[in-house]
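Heads up, the sequence shown stops at 375 in numbering that gives the first Met the number 0, and the numbers go up one at a time, no gaps. Down below is the structure, laid out as structure tokens.
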Amino acid sequence: MAKLDYYEVLGVTRSASDGEIKSAYRKLALKYHPDRNPGDHTAEEKFKEAAEAYGILADGDKRSAYDRFGHAAVNQGGGAQGFDPSVFSDFGDILGGLGDIFGFSDGGSRRAGPRRGADLRYDLEIAFEAAAKGTETQIRIPREETCTTCKGSGSASGAGPETCPQCRGAGQVRYQQGFFTVAKTCGHCRGAGRIITKPCATCRGNGRTSEQRDLKVKIPPGIATGQRLRLSGEGEHGVQGGPPGDLYIVIIVADHPFFQRHEDDLHCELRVPFTTLALGGSVQVPTLDGDEALHIPDGTGSGTVLKVKHKGLPNVSGRGHGDLFVSVVAAVPKKLSKEQKKAMEELRRLLPTEVQQTERESGDKPFFERVKDIFG
Numbered sequence: 000m001a002k003l004d005y006y007e008v009l010g011v012t013r014s015a016s017d018g019e020i021k022s023a024y025r026k027l028a029l030k031y032h033p034d035r036n037p038g039d040h041t042a043e044e045k046f047k048e049a050a051e052a053y054g055i056l057a058d059g060d061k062r063s064a065y066d067r068f069g070h071a072a073v074n075q076g077g078g079a080q081g082f083d084p085s086v087f088s089d090f091g092d093i094l095g096g097l098g099d100i101f102g103f104s105d106g107g108s109r110r111a112g113p114r115r116g117a118d119l120r121y122d123l124e125i126a127f128e129a130a131a132k133g134t135e136t137q138i139r140i141p142r143e144e145t146c147t148t149c150k151g152s153g154s155a156s157g158a159g160p161e162t163c164p165q166c167r168g169a170g171q172v173r174y175q176q177g178f179f180t181v182a183k184t185c186g187h188c189r190g191a192g193r194i195i196t197k198p199c200a201t202c203r204g205n206g207r208t209s210e211q212r213d214l215k216v217k218i219p220p221g222i223a224t225g226q227r228l229r230l231s232g233e234g235e236h237g238v239q240g241g242p243p244g245d246l247y248i249v250i251i252v253a254d255h256p257f258f259q260r261h262e263d264d265l266h267c268e269l270r271v272p273f274t275t276l277a278l279g280g281s282v283q284v285p286t287l288d289g290d291e292a293l294h295i296p297d298g299t300g301s302g303t304v305l306k307v308k309h310k311g312l313p314n315v316s317g318r319g320h321g322d323l324f325v326s327v328v329a330a331v332p333k334k335l336s337k338e339q340k341k342a343m344e345e346l347r348r349l350l351p352t353e354v355q356q357t358e359r360e361s362g363d364k365p366f367f368e369r370v371k372d373i374f375g
């Protein structure tokens, strides 16, 4: 008997969009679902018919061929076998995943072959100065490496793997479940299609052993907490000759007792004599490159932030340096000599009581000129 037109099966027009085709199939799949129609062979056939129609129309290339040549274009190789079951991946809520429909499975048809090794992560804490200047350090990581005795085969010397008797080398076993042919990974060989009868004594047939690996790591200047370094190929070794994974080193920079970091800039607080703030002068401020002279203008208020250019951290990408921002805070002496107290009393007498102070009072000298006279 001739097959029905796929568009008629789904109840859509030939100009139907992909979304309309998907929606139509979902309705039919739910309507004729075998769990809703136990023992109903007519519903079973309609369910398979809808699945076959959707399998063709959901694939752009196969739909185009079907539109031009009809069933002859898609029946090569046996009807529904001509479509890719991955188009059913969105309907797992209906049948728990239709990857196994008509004899296919979600990757189960592929044997377990070479597989890439796992990526590894290593948290590395470094000193603040090391992050600023850059450094080279050595780390030791545990990882799975290819067994040197059997060279990763898992078999004892001179003994090779044998074909799995359960799946006969296919890597999967198939069985009938209702009107579906279900394919699952072979549990005996775990999909490899081969079994090791004489395992290697060193790795016990795994093909890999746990080893400690010493590596040198170069830390670039300016690196910050949370940034990662990737060491290609330094992760775990692959399985059955697969490529190794990568090693990711996550940097943790220790705090500095004096500096605080904001991106590439540094911030610090420097206590200076209040006379220096009042009269102006030069003080030495610590930097990562040693002490640096910092000019303080006269009349600088406590808490004022002054900038020292290019004395921050280098940019990790090599694009210049940040700046150093110094918050100057008045240092008040706890003890004063008689002479100092006398001078302070005179200063207090001369200091204005109002918050707002004009530069000159009643034709007298400017305020800071009078302060300079007191302190010589």
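Note that CB positions come from ideal geometry on N, CA and C, so glycine has one too.
For a test of the three-state rule: what should DSSP assign to residue i, helix, strand or coil?
{"i": "residue 55", "result": "helix"}
{"i": "residue 3", "result": "coil"}
{"i": "residue 223", "result": "coil"}
{"i": "residue 269", "result": "strand"}
{"i": "residue 348", "result": "helix"}
{"i": "residue 230", "result": "strand"}
{"i": "residue 128", "result": "helix"}
{"i": "residue 65", "result": "helix"}
{"i": "residue 31", "result": "coil"}
{"i": "residue 307", "result": "strand"}
{"i": "residue 236", "result": "coil"}
{"i": "residue 280", "result": "strand"}
{"i": "residue 41", "result": "helix"}
{"i": "residue 251", "result": "strand"}
{"i": "residue 70", "result": "helix"}
{"i": "residue 292", "result": "strand"}
{"i": "residue 287", "result": "coil"}
{"i": "residue 342", "result": "helix"}
{"i": "residue 9", "result": "helix"}
Exposed or buried, which one is residue i when buried takes at least 16 other CB atoms within 10 Å?
{"i": "residue 304", "result": "exposed"}
{"i": "residue 8", "result": "buried"}
{"i": "residue 318", "result": "exposed"}
{"i": "residue 104", "result": "At residue 104, the pLDDT of 42 sits below 50, so the modelled position is not reliable and the matter cannot be decided from this model."}
{"i": "residue 257", "result": "exposed"}
{"i": "residue 152", "result": "buried"}
{"i": "residue 375", "result": "Legend: pLDDT at residue 375 = 45, less than 50; position of this residue unreliable, no value from coordinates given."}
{"i": "residue 28", "result": "buried"}
{"i": "residue 67", "result": "exposed"}
Should residue i and residue j be called a contact, given that it needs their Cβ atoms to be closer than 8 Å?
{"i": "residue 270", "j": "residue 328", "result": "yes"}
{"i": "residue 155", "j": "residue 200", "result": "yes"}
{"i": "residue 21", "j": "residue 57", "result": "yes"}
{"i": "residue 195", "j": "residue 204", "result": "yes"}
{"i": "residue 386", "j": "residue 123", "result": "Coverage of the chain is limited to positions 0 through 375, which leaves residue 386 absent and any answer about it impossible."}
{"i": "residue 50", "j": "residue 234", "result": "no"}
{"i": "residue 143", "j": "residue 209", "result": "yes"}
{"i": "residue 237", "j": "residue 113", "result": "yes"}
{"i": "residue 252", "j": "residue 286", "result": "no"}
In chain order, what residues of the same chain have a beta carbon less than 6 Å from the beta carbon of residue i, not counting five sequence neighbours either side?
{"i": "residue 46", "result": "31"}
{"i": "residue 165", "result": "185 and 187"}
{"i": "residue 355", "result": "Residue placement at residue 355 is poorly supported in this model, since its pLDDT is 42, which falls under 50; the coordinates are not used for a value here."}
{"i": "residue 52", "result": "5, 8 and 9"}
{"i": "residue 140", "result": "121 and 212"}
{"i": "residue 322", "result": "264, 306, 308 and 311"}
{"i": "residue 149", "result": "199"}
Nearest to residue i by alpha carbon, out of the options?
{"i": "residue 220", "options": "27, 127, 195 and 59", "result": "127"}
{"i": "residue 189", "options": "210, 163, 173 and 201", "result": "163"}
{"i": "residue 243", "options": "133, 169 and 230", "result": "230"}
{"i": "residue 350", "options": "167, 277, 228 and 335", "result": "277"}
{"i": "residue 330", "options": "42, 275, 264 and 262", "result": "275"}
{"i": "residue 254", "options": "197, 130, 173 and 59", "result": "130"}
{"i": "residue 54", "options": "24, 29 and 33", "result": "24"}
{"i": "residue 315", "options": "300, 222 and 268", "result": "222"}
{"i": "residue 320", "options": "273, 262 and 347", "result": "262"}
{"i": "residue 17", "options": "59, 239, 170 and 283", "result": "59"}
{"i": "residue 249", "options": "272, 287 and 227", "result": "227"}
{"i": "residue 146", "options": "193, 198 and 170", "result": "198"}
{"i": "residue 193", "options": "168, 206, 63 and 71", "result": "168"}
{"i": "residue 3", "options": "42, 48, 13 and 40", "result": "48"}
{"i": "residue 272", "options": "288, 206 and 301", "result": "301"}
Please return the same chain residues whose Cβ sits closer than 8 Å to the Cβ of residue i, not counting the five positions on each side in sequence.
{"i": "residue 281", "result": "292, 293, 294 and 295"}
Please go through the same chain and pick out, in chain order, the residues whose beta-carbon is closer than 7 Å to the beta-carbon of residue i, but skip the five residues on each side of it.
{"i": "residue 172", "result": "165, 166, 183 and 185"}
{"i": "residue 407", "result": "Past the boundaries of the shown model lies residue 407; the chain is included only from 0 to 375, so the question cannot be answered."}
{"i": "residue 19", "result": "11"}
{"i": "residue 133", "result": "218, 219 and 220"}
{"i": "residue 115", "result": "237, 241, 242 and 244"}
{"i": "residue 62", "result": "55 and 56"}
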